[in-house]
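Numbering (this note's numbering), first residue to last: 2 to 290. Take a look at the structure set out below.
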């Protein structure tokens, strides 16, 4: 485990999956989910080289079929620590014999975390080190404690969106999405959620509908805010478990469409890089106002 800190925040990260483990303020208050395996044994996994699920866990590229489990392999792989400073840290993952069995591309993946006051910048960098075009998706899956909730409580909370009339997709057919948009009711942009909100798995928004999401306390003041640039975002908590957290997930990618049997390169919200090219993006987590 490594830490970065400033006078506002202390952040702990593991080299396993380059995953955030903790975000605490100056008073020691924790904002990230603790990974209790009775509810969900992760904190903030990195999703790569796919986001969400493939139809029958299978994709086709380079004239072959490959298998990949939900969200890909990065979250279950040890990264190498590259840079460690007082308020910034970088981890890297490169292709290996193991990754090439499931993903036939050469790549460098770097995950950086940088503190700026009460903001944490989460930075993704993908580099194509292959001699051909590579295809990938990448996303985040941070889980935040819902204000006022404890383990075993029936989940209730509020999020404020920068879009008052967002429309969701459903991703509940074989772990894949189905066509058709469905309105999500808000009160002037405030969405009240509970465990039943996730009965059909994640609440999924594509088409860059949301760029600013606030997790609110009982007085509707922001406790955690995410600013994102991604074309999609998922909201999730495990229904029926009385888990006191919600995941706010920025995604450059999405599930397959149900029954999709096309090429990997044609998967919805696919990204590509020419040889020698690189991709970089970030999202920010703000603690408090």
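All C-beta atoms in this analysis are idealised placements derived from N, C-alpha and C, irrespective of residue type, glycine included.
Using the C-alpha atoms, what's the distance from residue j back to residue i?
{"i": "residue 256", "j": "residue 189", "result": "29 Å"}
{"i": "residue 108", "j": "residue 102", "result": "14 Å"}
{"i": "residue 147", "j": "residue 208", "result": "26 Å"}
{"i": "residue 59", "j": "residue 274", "result": "22 Å"}
{"i": "residue 263", "j": "residue 133", "result": "20 Å"}
{"i": "residue 11", "j": "residue 25", "result": "5 Å"}
{"i": "residue 246", "j": "residue 122", "result": "21 Å"}
{"i": "residue 178", "j": "residue 288", "result": "32 Å"}
{"i": "residue 197", "j": "residue 30", "result": "28 Å"}
{"i": "residue 290", "j": "residue 171", "result": "32 Å"}
{"i": "residue 118", "j": "residue 28", "result": "15 Å"}
{"i": "residue 32", "j": "residue 63", "result": "43 Å"}
{"i": "residue 136", "j": "residue 230", "result": "19 Å"}
{"i": "residue 71", "j": "residue 99", "result": "17 Å"}
{"i": "residue 284", "j": "residue 236", "result": "15 Å"}
{"i": "residue 183", "j": "residue 233", "result": "15 Å"}
{"i": "residue 114", "j": "residue 3", "result": "11 Å"}
Among the residues of its own chain, which have a CB less than 6 Å from the CB of residue i, if the five just before and after it don't count?
{"i": "residue 125", "result": "139 and 282"}
{"i": "residue 173", "result": "201 and 202"}
{"i": "residue 279", "result": "128"}
{"i": "residue 242", "result": "40"}
{"i": "residue 240", "result": "196, 199 and 200"}
Using 7 Å as the threshold, is the C-beta distance between residue i and residue j below it?
{"i": "residue 217", "j": "residue 249", "result": "no"}
{"i": "residue 48", "j": "residue 69", "result": "no"}
{"i": "residue 164", "j": "residue 211", "result": "yes"}
{"i": "residue 16", "j": "residue 79", "result": "yes"}
{"i": "residue 238", "j": "residue 143", "result": "no"}
{"i": "residue 206", "j": "residue 251", "result": "no"}
{"i": "residue 40", "j": "residue 259", "result": "no"}
{"i": "residue 5", "j": "residue 94", "result": "no"}
{"i": "residue 76", "j": "residue 158", "result": "no"}
In this structure, how does DSSP classify residue i when only helix, strand and coil are distinguished?
{"i": "residue 113", "result": "strand"}
{"i": "residue 45", "result": "coil"}
{"i": "residue 265", "result": "helix"}
{"i": "residue 259", "result": "coil"}
{"i": "residue 198", "result": "helix"}
{"i": "residue 56", "result": "helix"}
{"i": "residue 166", "result": "coil"}
{"i": "residue 226", "result": "strand"}
{"i": "residue 103", "result": "helix"}
{"i": "residue 93", "result": "strand"}
{"i": "residue 66", "result": "strand"}
{"i": "residue 61", "result": "strand"}
{"i": "residue 26", "result": "strand"}
{"i": "residue 131", "result": "coil"}
{"i": "residue 161", "result": "strand"}
{"i": "residue 144", "result": "strand"}
{"i": "residue 85", "result": "strand"}
{"i": "residue 75", "result": "helix"}
{"i": "residue 98", "result": "helix"}
Apply the 10 Å Cβ neighbour rule to residue i and answer buried if 16 or more other Cβ atoms are within range, or exposed otherwise.
{"i": "residue 152", "result": "exposed"}
{"i": "residue 86", "result": "exposed"}
{"i": "residue 155", "result": "exposed"}
{"i": "residue 266", "result": "exposed"}
{"i": "residue 195", "result": "exposed"}
{"i": "residue 1", "result": "The structure shown does not extend to residue 1, since the chain is modelled only from 2 through 290, so no value can be given for it."}
{"i": "residue 81", "result": "exposed"}
{"i": "residue 84", "result": "exposed"}
{"i": "residue 20", "result": "buried"}
Less than 7 Å between C-beta atoms, sequence neighbours within five positions excluded: which residues of the same chain meet that for residue i?
{"i": "residue 215", "result": "160, 161, 223 and 226"}
{"i": "residue 73", "result": "48, 49, 50 and 51"}
{"i": "residue 130", "result": "107, 108 and 109"}
Give me, in chain order, the residues of the same chain whose beta-carbon lies closer than 8 Å to that of residue i; leave out the 5 immediate sequence neighbours on both sides.
{"i": "residue 57", "result": "175"}
{"i": "residue 219", "result": "148 and 149"}
{"i": "residue 181", "result": "170 and 171"}
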